[in-house]
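In the UniProt record's numbering, the protein residues as written are 1 to 172.
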């Protein structure tokens, strides 16, 4: 098979990105164009949305980075120029001059909740004493850390020989 790469007047593609573009059409899911060229070239090729990694691939990714020192960016730091490009200060930042409404903040809070139905303080007979929307609120109430609350919830331990800390059941 012969492939001819022609350049049209007004074409803004560089000589490096043209083979990338052609190979990208033939082998899009594998990124073989980058392997063939031996370098990364920025292109406007479509991203494969909805791609799901196999369980085997996920296991490999987890094993590769179990030791944090194996991570390719371990020990590396961004220089000031890179930080300034990443941060998008001032008017370049899409949220510049805007604030989230209280409704939006509540929505973000609810999506971030670990225990979607809240947590509760129960006596030893499993009767609800007090209900909390967040584990952090329960931690403040008991004057302990959030980690302690999570530990007691996850392990089902009795707190101070008086209470169970549990996830609230779903109301029906």
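Glycine residues also receive a C-beta, built at the ideal position from the N, C-alpha and C atoms.
Task: Same chain, Cβ closer than 8 Å to residue 145, five either side skipped, listed in chain order - done: Residue mapping note: residue 145 aligns to position 145 of the chain shown, counting from 1. Cβ within range, chain order: 139.
- [ ] Could you please give me the residues that DSSP links to residue 132 through a beta bridge?
- [x] Mapped onto the chain shown, residue 132 falls at position 132. Bridge partners of residue 132: 119.
Task: Which listed residue (99, 122 and 65) has its alpha carbon closest to that of residue 166 - done: Taking the chain shown and counting its residues from 1, the one referred to as residue 166 is at position 166. The candidate whose alpha carbon is nearest that of residue 166 is 122.
TODO: Could you tell me the boundaries of the beta strand (DSSP E) in which residue 236 lies?
DONE: The shown model of the chain, from 1 to 172, leaves out residue 236, and the question about it has no answer.
Open item on the list: With DSSP as the reference, identify every bridge partner of residue 159, one or two as the case may be.
Closed with: The residue you call residue 159 lines up with position 159 of the chain shown. Partner(s): 163.
Open item on the list: Taking only three categories from DSSP, how would you classify residue 90?
Closed with: The residue given as residue 90 occupies position 90 in the chain shown. If DSSP states are grouped into helix, strand and coil, residue 90 belongs with the helices.
Open item on the list: What does the Cβ neighbour count give for residue 129, buried or exposed, with the cut at 16 atoms within 10 Å?
Closed with: Here residue 129 refers to the residue found at position 129 of the chain shown. Result: exposed.
Task: Through-space distance from residue 155 to residue 73, alpha-carbon basis - done: For the purposes of this step, residue 73 is taken as residue 73 along the chain shown, with counting starting at 1. For the purposes of this step, residue 155 is taken as residue 155 along the chain shown, with counting starting at 1. Going from the Cα of residue 73 to the Cα of residue 155 covers about 35 Å.
Open item on the list: What would DSSP say about residue 82, mapped onto helix, strand or coil?
Closed with: For the purposes of this step, residue 82 is taken as the residue at position 82 of the chain shown. Reduced to three states, the DSSP call for residue 82 is helix.
Task: Euclidean distance between Cα positions of residue 116 and residue 87 - done: Position 116 of the chain shown, counted from the start, is the residue given in the question as residue 116. Position 87 of the chain shown, counted from the start, is the residue given in the question as residue 87. Approximately 32 Å between the Cα atoms of the pair.
Open item on the list: Could you give the first and the last residue of the continuous alpha helix (DSSP H) run that contains residue 62?
Closed with: Position 62 of the chain shown, counted from the start, is the residue given in the question as residue 62. Taken as a continuous stretch (DSSP letters only), the alpha helix (DSSP H) holding residue 62 covers 55 to 64.
Task: Simplified DSSP assignment, three categories, for residue 194 - done: Given a span of 1 to 172 for the chain in the structure shown, any question on residue 194 remains unanswerable.
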